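Residues 9 to 206, numbered by the UniProt record's numbering, are exactly what the sequence shown covers, in order.
Cβ atoms here follow ideal geometry from the backbone N, Cα and C, with glycine treated the same way.
In this text the structure is predicted, and so the values were computed from the model without any measurement.
This report concerns only the one structure given below.
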Amino acid sequence: INYRNVQFLTSAPTLAECPEDTGAEVAFAGRSNAGKSSAINALTGNSKLARTSKTPGRTQLINFFHAGDDQRLVDLPGYGYAKVARSMKDEWQRHLAFYLEQRQCLRGLVLLMDIRQPLKEFDLHMLTWAVQSGMPAHILLTKADKLKNGPANNIRFAVEKALKEQGLDTGVTVQIFSSTKKTGLDKLERRLNQWLAL
Ligand code: GTP
Ligand code: MG
9 INYRNVQFLT SAPTLAECPE DTGAEVAFAG RSNAGKSSAI NALTGNSKLA
59 RTSKTPGRTQ LINFFHAGDD QRLVDLPGYG YAKVARSMKD EWQRHLAFYL
109 EQRQCLRGLV LLMDIRQPLK EFDLHMLTWA VQSGMPAHIL LTKADKLKNG
159 PANNIRFAVE KALKEQGLDT GVTVQIFSST KKTGLDKLER RLNQWLAL
C-alpha cells in the first residue's frame, strides 16, 4: 500500500452511516490527545488529512480514509475528553463499542498512548477487549520525541512486561513512535500492510 495516496473518504456520526462493511479496515484508537490524527497524517505525509488539535476531543466522528481498493484507515474519536458533557461521552463510547463489536472488516487496532502516560484505564479496557475478541492490536507509544532514546526504550520494555503479566500480550505488539520526528513509521507500515492485505 502506498500510504502517500491515502485520501479522506467520509465521516460517520453513527455506525449506520459507515461505508459498506467489506474489504479490510484498521482503526486508530486511544485517549483524547494521544496523537491518532497526527499519526495518520505522518503516515500519509499529508499534514492536513486528519484534523489535529491542541484541544483534546478534536475528532468527534468516525473518520474513514481510503487506503486502496476496499482498504481503509479509521480515525476514531478519542476517549476521555473531560470538557465534554457526560451524556456526550456516553454517546461516543456507545458508538465506539458498536463500531468495534459490529465491524466485520476490522482487521486490527492501532492503540495509541502518550509514551509519558501509558496503559491508562481506557487502554487496558481496549486491550482486554482486543485480546478477548481475538483482535490483533499494535501499540504506538507516541510523542517519543519528548524523551531520549534510553528512557523511551525502558518504557517500551516496561509496557511489554506489564502486558505479559496481565495476560494482555496475545496478538499485541508495541513500538515507539513520533509523528513529529517520523520515528517508527516503517514499523507501523509493515503492521498495517499485514492487516490490510486482502
Ligand atoms: P483527539 O482527536 O482529540 O482524540 O486527539 P488525537 O489523538 O487525534 O491527537 P492529535 O493528533 O490531534 O494530537 C494532539 C496534540 O498532540 C497536538 O497538539 C499534536 O500536535 C500533538 N502531537 C501529536 N503527535 C505528536 C508527536 O509525535 N510529538 C509531539 N511532540 N506532539 C505530538
Ligand atoms: Mg483526532
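- Hey, would you say Cys26 sits closer than 7 Å to Ala32, going by beta carbons? no
- Task: Mind listing, in chain order, the continuous beta strand (DSSP E) runs of no fewer than 3 residues lying wholly within the region 121 to 149?
- Result: none
- Item | Inter-residue Cα distance where the pair is Leu69 and Pro126 | 24 Å
- Query: Going by the C-beta, is Lys44 closer than 6 Å to any heavy atom of the ligand GTP?
  - Reply: yes
- Task: Put residue 8 into one of helix, strand or coil per three-state DSSP.
- Result: What is shown of the chain runs 9 to 206, which leaves residue 8 out entirely.
- Within its chain, find whatever has a CB closer than 8 Å to the CB of Lys190; leave out the 5 residues flanking it on each side and keep chain order. Ala50
- Message: Let me confirm a value: Thr136 is counted as buried when at least 16 other C-beta atoms fall within 10 Å, else exposed. Which label applies?
- Response: exposed
- Query: When every heavy atom of the ligand GTP is checked, does at least one fall within less than 6 Å of the C-beta of Asn41?
  - Reply: yes
- Message: Just verifying my parser: in three-state terms, what is the DSSP assignment at residue 207?
- Response: No statement about residue 207 is possible, as the shown extent of the chain runs from 9 to 206 and does not include it.
- Task: Pull up the distance between the alpha-carbon of Glu173 and that of Gly116, whole angstroms please.
- Result: 22 Å
- Message: Rounded to whole angstroms, what is the Cα-Cα separation between Asp83 and His133?
- Response: 18 Å
- Does the ligand GTP have even one heavy atom less than 6 Å from the beta-carbon of Thr188? yes
- Mark Leu206 as exposed unless 16 or more other C-beta atoms lie within 10 angstroms of its C-beta, in which case mark it buried. exposed
- Message: Beta-carbon within less than 7 Å of Thr188's beta-carbon, same chain only, minus the 5 sequence neighbours each way: which residues are those?
- Response: Asp153
- Query: How about Gly86: is its Cβ closer than 6 Å to a heavy atom in the ligand GTP?
  - Reply: yes
- Whose C-beta lies closer than 8 Å to the C-beta of His103 among residues of the same chain, with five residues either side of it excluded? Pro21, Thr22, Leu23, Ile70, Pro85
- DSSP puts Glu33 in a beta bridge; with which residues? Arg80, Leu114
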